[in-house]
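Structure record follows, encoded as structure tokens.
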Amino acid sequence: AAPAPVSPTGRDTGADPTLAAQGGEYLTTAHGSRRSDTDHSLKAGRRGPVLLQDHHFREKISHFDHERIPERVVHARGAGAHGVFRSYGTASRISSAAVFGKDVETPVFVRFSTVLGSRGSADLARDTRGFATKFYTSEGTWDLVGNNIPVFFIQDAIKFPDVIHAGKPHPDREIPQAQSAHDTFWDFVSLHTEAQHHTIWNMSDRAIPRSYRTMEGFGVHTFRLLDDEGGSVLVKFHWKPKLGVHSVLWEEAQIANGMDPDVHRRDLADAIEAGAHPEWELGVQVFEDNEEQMFEGIDLLDPTKIVPEELAPVQPVGLMTLDRNPSNYFAETEQVAFNPNNLVRGIDVTNDPLLQGRLFSYLDTQLSRLGGPNWTQLPINRPHAPVNDMLRDGMHQTAVHTGVAPYHPNTLDGNNPFPAEEPARPFIDHPAPVAESVKERGAPASFDDHYSQARLFWLSMSDVEKEHIAQAYTFELGKCWEQSVKERQLQSLANIDAKLCAVVAEGLGLPAPRPTVEHGRIEPSPALSQIGGQWPLD
Ligand code: HEM
Numbered sequence: 076a077a078p079a080p081v082s083p084t085g086r087d088t089g090a091d092p093t094l095a096a097q098g099g100e101y102l103t104t105a106h107g108s109r110r111s112d113t114d115h116s117l118k119a120g121r122r123g124p125v126l127l128q129d130h131h132f133r134e135k136i137s138h139f140d141h142e143r144i145p146e147r148v149v150h151a152r153g154a155g156a157h158g159v160f161r162s163y164g165t166a167s168r169i170s171s172a173a174v175f176g177k178d179v180e181t182p183v184f185v186r187f188s189t190v191l192g193s194r195g196s197a198d199l200a201r202d203t204r205g206f207a208t209k210f211y212t213s214e215g216t217w218d219l220v221g222n223n224i225p226v227f228f229i230q231d232a233i234k235f236p237d238v239i240h241a242g243k244p245h246p247d248r249e250i251p252q253a254q255s256a257h258d259t260f261w262d263f264v265s266l267h268t269e270a271q272h273h274t275i276w277n278m279s280d281r282a283i284p285r286s287y288r289t290m291e292g293f294g295v296h297t298f299r300l301l302d303d304e305g306g307s308v309l310v311k312f313h314w315k316p317k318l319g320v321h322s323v324l325w326e327e328a329q330i331a332n333g334m335d336p337d338v339h340r341r342d343l344a345d346a347i348e349a350g351a352h353p354e355w356e357l358g359v360q361v362f363e364d365n366e367e368q369m370f371e372g373i374d375l376l377d378p379t380k381i382v383p384e385e386l387a388p389v390q391p392v393g394l395m396t397l398d399r400n401p402s403n404y405f406a407e408t409e410q411v412a413f414n415p416n417n418l419v420r421g422i423d424v425t426n427d428p429l430l431q432g433r434l435f436s437y438l439d440t441q442l443s444r445l446g447g448p449n450w451t452q453l454p455i456n457r458p459h460a461p462v463n464d465m466l467r468d469g470m471h472q473t474a475v476h477t478g479v480a481p482y483h484p485n486t487l488d489g490n491n492p493f494p495a496e497e498p499a500r501p502f503i504d505h506p507a508p509v510a511e512s513v514k515e516r517g518a519p520a521s522f523d524d525h526y527s528q529a530r531l532f533w534l535s536m537s538d539v540e541k542e543h544i545a546q547a548y549t550f551e552l553g554k555c556w557e558q559s560v561k562e563r564q565l566q567s568l569a570n571i572d573a574k575l576c577a578v579v580a581e582g583l584g585l586p587a588p589r590p591t592v593e594h595g596r597i598e599p600s601p602a603l604s605q606i607g608g609q610w611p612l613d
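Quick note: the sequence shown, position 261, residue 336 per UniProt numbering, numbers continuous.
Pasting the structure below:
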């Protein structure tokens, strides 16, 4: 049997040794033919030339030539860990998903990431962090593909290539965070003012977390949970770190990026190896699934909006513990394929137009990133539930399918792998009405308010946090060359808060503009907190 993989420090990583690829005692070719020399190529005489017939040489070089796969188009830089999710059972009242049953333990794999940097970029860039969790449930895989910031830059997935093009390195020099790249980012967010809420979070300390272990995670979109009786509620998912939320100072981030660009992946791996297993509590904000899908004037389908926790409390549903490091970065952290389509009975999506676009994008990008349609067979992506699909063949197929009739129903396969009847507990397609409407491309009027929640965030900050935010805007906008871009962003800041705008304008040596929209006001009332409490889970 293959030896159990060990970490660089000699500890047993706990990985399954039967999955280890290299079990032989002798050096061989990929076909198992033993070799005595892997240091010298076969030549005509000692001084060459090298002979074409040297298969070992060609195989070794050729395999190396093809070692790389495309990095993710976003979230290329990441670190992962295995763990377990223990459900409290509180959510079983609102969802039939097995993963929410009382005391049910579900294996998980989590990948944390930055969004914009390339695979080799530094961990402590000012950026949003990905927080993607794969739950290997007994009823199939559920992926909760979230971020550490509860809102997103755009309201419609058709804008995703645009926002990413604006944030990635400028096409001429390919220098991340170069002066020119600052211009494109600020050009975009000042032209698309729905991005202002996410942007102020990015200018806050949340965008330079101390550790992955001290980050919150958010599903961002509103999801739908369904029970066995046909009932449904709308929810927003939250991960709350047991260690609390902590950040570094910008100066610390700069130093860490220079001295230890792997600071976050090292911190995560070291903590797990030392037995300090990080924990997050999963919680839900619960809302009535009514026709409007609004809550206190907030459109639940608008991914640029939060619902303040004072209005709808986050109710805990389970605890996640990360307790095992990957034993091979490529096989696990790189080849893992998260996908918001991976849903299980009792958990479904809503009509949030950003989420709807994601349902296409992940599957599509993984076709090229992982080389064809069979990445679900990679060990890290394999469900921990029985699979009986009718998907066949294709690039990188490794399964040996039996039977002659891969269609349903059929009468030919004696050991019929395709049951004629629907399986017990099938996926629930929620019968939601679709608005009687004409085809159109516009956004609903309820998506129009772009400033009130950015203002809410600003006003909820302490003085020190406000200082950091103003400094970050000044520093980052100071890197723009185009004065018109800075002026347009200052206009957005004026619409968020006059004081914030004045401080940043002074730092940039520009006049502070007057606001062009009324500040939105959100004032919690006692009645509102009662509404949030309408759905107590315990
Ligand atoms: C990757 C989160 C919006 C396309 C990721 C990852 C996360 C994430 C965490 C990294 C997954 C991993 O670790 O492998 C989010 C969140 C969004 C959002 C929270 C909004 C709320 C979008 C949108 C699109 C998109 C609107 C496209 C329309 C992608 C793509 C990848 C990705 C193509 C790379 C996937 C891969 O190569 O495996 N996203 N994303 N995302 N996201 Fe998003």
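Beta carbons: idealized from backbone N, C-alpha and C, even for Gly.
- In the three-state DSSP reduction, residue 552 falls in the helix class (H, G or I).
- Taking every protein chain shown into account, the CB of residue 486 has fewer than 16 other CB atoms within 10 angstroms, so this residue is exposed.
- With a beta-carbon spacing of about 5 Å, residue 232 and residue 429 fall inside the 8 Å limit used to define contacts.
- Contact annotation, residue 561 with residue 552: C-beta distance approximately 5 Å; criterion of less than 8 Å satisfied.
- Beyond the five residues adjoining it in sequence on each side, residue 566 comes within less than 7 Å, by CB distance, of 588, 591 in the same chain, given in chain order.
- Residue environment: residue 482 is assigned as exposed (fewer than 16 neighbouring CB atoms within 10 Å of its CB, all protein chains considered).
- Cβ-Cβ separation between residue 309 and residue 227: approximately 17 Å, too far for a contact (criterion under 8 Å).
- Under the three-state reduction of DSSP, residue 571 is assigned to helix.
- One alpha carbon belongs to residue 418, the other to residue 250, and they sit about 38 Å apart.
- Relative to residue 103, the option among 119, 442, 135, 343 whose CA is nearest is 135.
- 311 is the residue among 105, 331, 311 whose C-alpha sits nearest the C-alpha of residue 425.
- It is roughly 10 Å from the alpha-carbon of residue 444 to the alpha-carbon of residue 143.
- With respect to the 7 Å criterion, residue 170 and residue 176 are not classified as neighbours on the basis of their beta carbons.
- By alpha-carbon distance to residue 151, the top candidate from 188, 454, 280, 316 is 188.
- 7 Å or more divides the Cβ of residue 525 from the Cβ of residue 368.
- When C-beta atoms of the region 289–308 are compared with those of the region 151–164, fewer than three pairs fall below 8 Å, so the two segments do not count as touching.
- From the listed residues 570, 544, 303, 238, the smallest Cα separation to residue 505 is found for 303.
- Residue 139 is classed as exposed because its beta carbon has fewer than 16 other beta carbons within 10 Å across all chains shown.
- Here DSSP, grouped into helix, strand and coil, assigns residue 423 to strand.
- Residue 98 sits away from residue 460, with the two beta carbons spaced by 7 Å or more.
- CA-to-CA, the gap between residue 413 and residue 374 works out to about 27 Å.
- Within the DSSP secondary-structure output, residue 391 pairs in a beta bridge with 358.
- Along the region 492–536, the alpha helix (DSSP H) occurs as fully enclosed runs of 4 or more residues at 527–534, listed in sequence order.
- Assignment of beta-bridge partners to residue 261 by DSSP yields no partner.
- Of all alpha-carbon atoms in 513, 331, 319, the one lying nearest the alpha-carbon of residue 198 is that of 331.
- The Cβ atoms of residue 206 and residue 292 lie closer than 7 Å to each other.
- Bounds of any alpha helix (DSSP H) do not take in residue 400, whose DSSP letter is neither H nor E.
- Annotation for residue 403 indicates a beta carbon at 6 Å or more from all heavy atoms of ligand 1.
- Secondary structure of residue 413 (DSSP, three-state): coil.
- Going by beta carbons, residue 259 and residue 241 fall inside the 7 Å limit.
- Not one heavy atom of ligand 1 falls within 6 Å of the beta-carbon of residue 443.
- Per DSSP, the beta-bridge partners of residue 211 are 216.
- Bounds of the alpha helix (DSSP H) holding residue 242 are 235–242.
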